[in-house]
Amino acid sequence: MYEKIEKLIFGCSIILLSFCALFLLGSQRKQEQLKPLEHEVTVELVVVEVFVTDKEGSFIDNLTKDDFEIFEDGKRAKIQYFAVITPEKEIPKKEFMEEIKKVKKPLVPQQMKLVILFDNLNTNRFSLTSQWPQIEEMFKSLSSKVEETMVIDLSRESGASVIQPFTSDQNLLSDIISKFKFDLLRFIQEEMRRREMEDLEKEARLRPQDRFISNPFYVMDCFMMEEKIIGNQRLSDSFGAFLGAVNYIRQFEGIKAVLIVSDGFRLQRTSEKGINVEGGHYQYLHRGVVKLFDPFKLFGGKKYYDHQEAFEKFLQLINEEKIIFYAFSPKEFKSDFSVRALSLKLGETFKKEMERWSEEKYSLQEIADETGGMYLRGQKKYENFVEELGRDLTHFYDISYAPSGKRKKGYHKIEVKVKKPGLTVRYKKGYSDFTDEEIERRKLASAFLSPSAYRDIAFSCKTDFIALRGGYLQFWIRLKVPLDQFRKDQYATPPEKMALLFGLNEWTEERVHTGGRMLRIREATERGLHSLYRAFITSLVDLKPGDYDARVILKQGEDRVGGWEDSLIIPDIKKESSLSVINSICGFLRKEEKESTVPFSVSIGDGSLLLSHYRFYPLVENILNEGRKMALLLQICSPKEIKNFDLRFSLQDDKNAPLQLPFEEIESFFDKKLRILSEVNLLDFKDISPGNYHLRIESLDRKIIKQIEIKIIPL
Numbered sequence: 134m135y136e137k138i139e140k141l142i143f144g145c146s147i148i149l150l151s152f153c154a155l156f157l158l159g160s161q162r163k164q165e166q167l168k169p170l171e172h173e174v175t176v177e178l179v180v181v182e183v184f185v186t187d188k189e190g191s192f193i194d195n196l197t198k199d200d201f202e203i204f205e206d207g208k209r210a211k212i213q214y215f216a217v218i219t220p221e222k223e224i225p226k227k228e229f230m231e232e233i234k235k236v237k238k239p240l241v242p243q244q245m246k247l248v249i250l251f252d253n254l255n256t257n258r259f260s261l262t263s264q265w266p267q268i269e270e271m272f273k274s275l276s277s278k279v280e281e282t283m284v285i286d287l288s289r290e291s292g293a294s295v296i297q298p299f300t301s302d303q304n305l306l307s308d309i310i311s312k313f314k315f316d317l318l319r320f321i322q323e324e325m326r327r328r329e330m331e332d333l334e335k336e337a338r339l340r341p342q343d344r345f346i347s348n349p350f351y352v353m354d355c356f357m358m359e360e361k362i363i364g365n366q367r368l369s370d371s372f373g374a375f376l377g378a379v380n381y382i383r384q385f386e387g388i389k390a391v392l393i394v395s396d397g398f399r400l401q402r403t404s405e406k407g408i409n410v411e412g413g414h415y416q417y418l419h420r421g422v423v424k425l426f427d428p429f430k431l432f433g434g435k436k437y438y439d440h441q442e443a444f445e446k447f448l449q450l451i452n453e454e455k456i457i458f459y460a461f462s463p464k465e466f467k468s469d470f471s472v473r474a475l476s477l478k479l480g481e482t483f484k485k486e487m488e489r490w491s492e493e494k495y496s497l498q499e500i501a502d503e504t505g506g507m508y509l510r511g512q513k514k515y516e517n518f519v520e521e522l523g524r525d526l527t528h529f530y531d532i533s534y535a536p537s538g539k540r541k542k543g544y545h546k547i548e549v550k551v552k553k554p555g556l557t558v559r560y561k562k563g564y565s566d567f568t569d570e571e572i573e574r575r576k577l578a579s580a581f582l583s584p585s586a587y588r589d590i591a592f593s594c595k596t597d598f599i600a601l602r603g604g605y606l607q608f609w610i611r612l613k614v615p616l617d618q619f620r621k622d623q624y625a626t627p628p629e630k631m632a633l634l635f636g637l638n639e640w641t642e643e644r645v646h647t648g649g650r651m652l653r654i655r656e657a658t659e660r661g662l663h664s665l666y667r668a669f670i671t672s673l674v675d676l677k678p679g680d681y682d683a684r685v686i687l688k689q690g691e692d693r694v695g696g697w698e699d700s701l702i703i704p705d706i707k708k709e710s711s712l713s714v715i716n717s718i719c720g721f722l723r724k725e726e727k728e729s730t731v732p733f734s735v736s737i738g739d740g741s742l743l744l745s746h747y748r749f750y751p752l753v754e755n756i757l758n759e760g761r762k763m764a765l766l767l768q769i770c771s772p773k774e775i776k777n778f779d780l781r782f783s784l785q786d787d788k789n790a791p792l793q794l795p796f797e798e799i800e801s802f803f804d805k806k807l808r809i810l811s812e813v814n815l816l817d818f819k820d821i822s823p824g825n826y827h828l829r830i831e832s833l834d835r836k837i838i839k840q841i842e843i844k845i846i847p848l
């Protein structure tokens, strides 16, 4: 089985390599814009920013090259380039150019750039709001110390989205930061769940005969399991969103200081408390594990990962040259809200929240420490953080060394020693180096890990499994790509093609199925189409009953990526003992002049379902223009081999009585091997007003009942 996985992964890698040439070609113009001042390069140097302070926290600027020793992977490295960077101590241009010429190194920008990274996935909205005036003032002060500042937001809805690209316009930055809003819905949901748990705990303390809920321990256990699942999904999304942000930030030249505003990842470092249903006492459950869709083995290629194991690998993946992370949590500071909460009924809830956060902030400390940055601890004032981070932005040692040519690509540990005693030295503890192909692979792997973090390309998608003639199941994927996004100013000419990758993670069998397509964007735009529709079948994947996660990734150029995700459960049809509707798919028909020789099979060419005289194209969304007809594919599992059902179709909104819909049966087919009846009907909506409706499918004997939502829009 594992040998098969390796072959699948290898096959996908070949696809990726073939796509890379197109990606690099499509991004040539952007590469030229970001290209630094060039010199002949014969020595590959690693850049390390080193911060040296005394006991009072003042920067020490009088050290020389001989005061430093640098080790990579335990081996001493020779320092090739050395400079101290302070506003008061500029390097003479002639001396600087002589150093560059000496080692034939590209000209490295000396000033840092600042990236403010709002972690909307893990930050408490109420704590942030209570601290916002001080935070806003801190941002303004820090941005004034650097040449350029960027603002990025991380959220499940939009992934890693750039709120403001690099700019030196302080008025623009001030306006952007002042208008920034956090998502409130998640925290309302969390507060409601906490209150429900408190009510259940009170119920559990009552005598059994006095309880409104007979078994509150079981309900509490269900809530805890639900919270754990949601937490693991958030952790997976956080990994993907952060990787997406780093992938974007890394393309800009110069040293980037990334300031993370976050309460940290919820890493279960110790066993979490669970409910003993029988006794009503707490018992310890297993340590937290997270399920990652990792087809490219970015984290290692396993099915489940211990939280700490996954986080340590994540640290290596974000630890790159010229990127230093700083972090603080709004919960770190006392506020009027927290003081009032302790004296009110909210005190106990607030206490539990702080206890949980005390473990979460560990992740922020690790990110900052490993990359040479700093975490704002304790009850320090914001102005102290401005002073310390502001000092790092303008005062540091810029040191470069040549690593051993025999070392392998991957993650490398760094150790910097200063010979003078009594000094505090901070630096990046290691870094990961990647080839161009590995960088492209990592971007795509990150997108598979957390598709919601990638929204540079807008598109809608839908996945179903379909029972085909011949007794086997396949995934049926269709997507719609709006083309107006490729007609904007940045595209003088729309891209000729765009890469599509799909992945199916079969958790039951621990297998990953992957594949790819190329979409012709320019051809569609030149035809005047508003959107590009495509459907395809996973023809080479043998599906078995079980749990599946589906991913569809679109990639254009070097760094425009769009992602989509879904989860499906395929039932074991052979074991079904009662009637059930396994598919109800809306679509449209196209008349065919030539009769199909194999009706109820899917075309490899355009992904349509072949009928005797028509082609059925599944809709991506159940949206229909007013006055049109809509085709409906039904697949009914019929263990008793009933081949005909007297079906009725009705439509109902929230206000009116059900309305019977006229329909015409186009074709049906009964697969004896699967014992599945497939049937296509054409429904007439000509007298239906625009609006949202429930389409009800029902057999005359009421043994079949199915309801789906559709939307009718004006022409």
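Numbering-wise (this note's numbering), the sequence shown opens with residue 134 and increments by one.
In this text, a Cβ means the ideal position worked out from N, Cα and C, and glycines have one as well.
- Item | Alpha-carbon to alpha-carbon, Leu275 and Asp100 | Coverage of the chain is limited to positions 134 through 848, which leaves residue 100 absent and any answer about it impossible.
Taking just the CA atoms, how far does Ser462 sit from Lys844?
-> Cα to Cα, the separation comes out at about 43 Å.
Check your understanding: Is Pro678 buried or exposed, if buried means 16 or more other CB atoms sit within 10 Å of its CB?
Key -> exposed
- Query: What runs of the beta strand (DSSP E), each 3 residues or longer, lie entirely inside the segment 783-840?
  - Reply: 796-804, 809-817, 824-832
Taking the straight line between their C-alpha atoms, what separation do you get for Arg761 and Ile846?
10 Å
Would you grab the beta carbon distance between Glu457 and Ala390 for me? Rounded to a whole angstrom, and I think it's under 8 Å.
A small fix is needed here, since residue 457 is Ile in this sequence, not Glu. Rounded, the Cβ-Cβ distance is 5 Å, consistent with contact.
Practice problem: In the DSSP assignment, find the unbroken beta strand (DSSP E) run with Leu637 in it and report its ends. | Solution: 630-639
*Just confirm the distance between the C-beta atoms of Phe802 and Arg602, as a whole number of angstroms; I'd bet it's less than 8 Å.*
7 Å
Over what stretch of residues does the beta strand (DSSP E) that includes Leu577 continue unbroken? Not the beta strand (DSSP E): Leu577 falls in the alpha helix (DSSP H), residues 569-582.
Once you ignore the five residues that flank Gly373 on each side, which residues in its own chain have a CB closer than 6 Å to its CB?
Ser579, Leu582, Ser583, Ala586
Check: Under the three-state reduction of DSSP, which class applies to Val753: helix, strand or coil?
Finding: coil
*asked:* Please report the straight-line C-alpha distance between Lys630 and Leu687, rounded to a whole angstrom.
replied: 11 Å
With DSSP collapsed to three states, give me the class of Ser263.
-> helix
Worksheet entry | Span separating the alpha-carbon of Glu691 from that of Arg653 | 17 Å
Practice item. Give every residue of the same chain whose Cβ lies closer than 7 Å to the Cβ of Met230, excluding the five residues on either side of it in the sequence, and list them in chain order. Key: Interpretation of Met230 is limited by its pLDDT of 46, a score under 50 that renders its predicted location unreliable; the figure taken from the coordinates is listed afterwards. Counting only Cβ-Cβ distances below 7 Å, and skipping sequence neighbours, we find nothing.
* To do: Identify whether Gly543 lies in helix, strand or coil by the three-state DSSP scheme.
  => strand
ask   = So, is Gly636 buried or exposed, given that buried needs 16 or more other C-beta atoms within 10 angstroms?
value = buried
Subject >> According to DSSP, residues forming a beta bridge with Ser664 >> reply: DSSP output for Ser664 lists Pro615 as bridge partner(s).
- Please look up how many angstroms separate the CB atoms of Gln785 and Leu792, rounded, as I've assumed it's under 8 Å. 7 Å
Mapping the DSSP letters down to three states, classify Leu303 as helix, strand or coil.
Looking at the sequence provided, one finds Gln at residue 303 rather than Leu. The answer is helix: DSSP assigns Gln303 an H, G or I state.
| Counted within 10 angstroms of its Cβ, other Cβ atoms place Asn835 as buried (16 or more) or exposed | According to the sequence shown, residue 835 is Arg rather than Asn. Arg835 should be labelled exposed.
- Kindly indicate the opening and closing residues of the alpha helix (DSSP H) around Gln244. Gln244 -> no alpha helix (DSSP H), and no H or E assigned at all.
Excluding five sequence neighbours on each side, which residues of the same chain lie with their C-beta closer than 7 Å to the C-beta of Phe398?
-> Within its own chain, the residues whose Cβ lies closer than 7 Å to the Cβ of Phe398, once the five positions on either side in sequence are excluded, are Asn255, Leu368, Ser371, Phe444, Glu493, Ser496, listed in chain order.
Measuring straight from C-alpha to C-alpha, what distance separates Ile590 and Arg620? 13 Å
message = Going by C-alpha to C-alpha distance, which of Leu431, Leu448, Lys424, Leu450 sits closest to Asn438?
response = As written in the sequence, residue 438 is Tyr, which differs from the Asn given in the question. Ranked by Cα distance from Tyr438, the first of Leu431, Leu448, Lys424, Leu450 is Lys424.
Does DSSP put Lys849 in a helix, in a strand, or in coil? In the structure displayed, the chain extends from 134 to 848; residue 849 sits before or after that span and is not available.
- Task: Examine the Cβ distances between the segment 197-204 and the segment 517-524 and report whether three or more of them are shorter than 8 Å.
- Result: no
DSSP state of Lys455, grouped into three classes? coil
- Query: Which class does Val674 belong to by DSSP, given the choice of helix, strand or coil?
  - Reply: DSSP places Val674 in coil when its eight states are reduced to three.
**Message:** Considering Cα atoms alone, identify which of Gln213, Leu816, Ser710, Arg667 is closest to Gly738.
**Reply:** Arg667
May I have the straight-line CA-CA distance separating Lys406 from Phe375, to the nearest angstrom? At Lys406, the pLDDT of 40 sits below 50, so the modelled position is not reliable and the matter cannot be decided from this model.
inquiry  = Rounding to the nearest angstrom, what Cα-Cα distance links Pro441 and Arg748 in this structure?
reply    = The sequence given here has Gln at residue 441, not Pro. Computed Cα separation, rounded: 51 Å.
- Buried or exposed for Tyr605, please, with buried defined as at least 16 other CB atoms from any protein chain shown within 10 angstroms of its CB. exposed
Start and end residues, beta strand (DSSP E) containing Ile532
529-535
*Under three-state DSSP, which class holds His646?*
In this structure, His646 counts as strand in the three-state DSSP scheme.
Quiz item: Of the choices Glu642, Glu656, Phe669, whose alpha-carbon is the least far from that of Leu676?
Solution: Glu642
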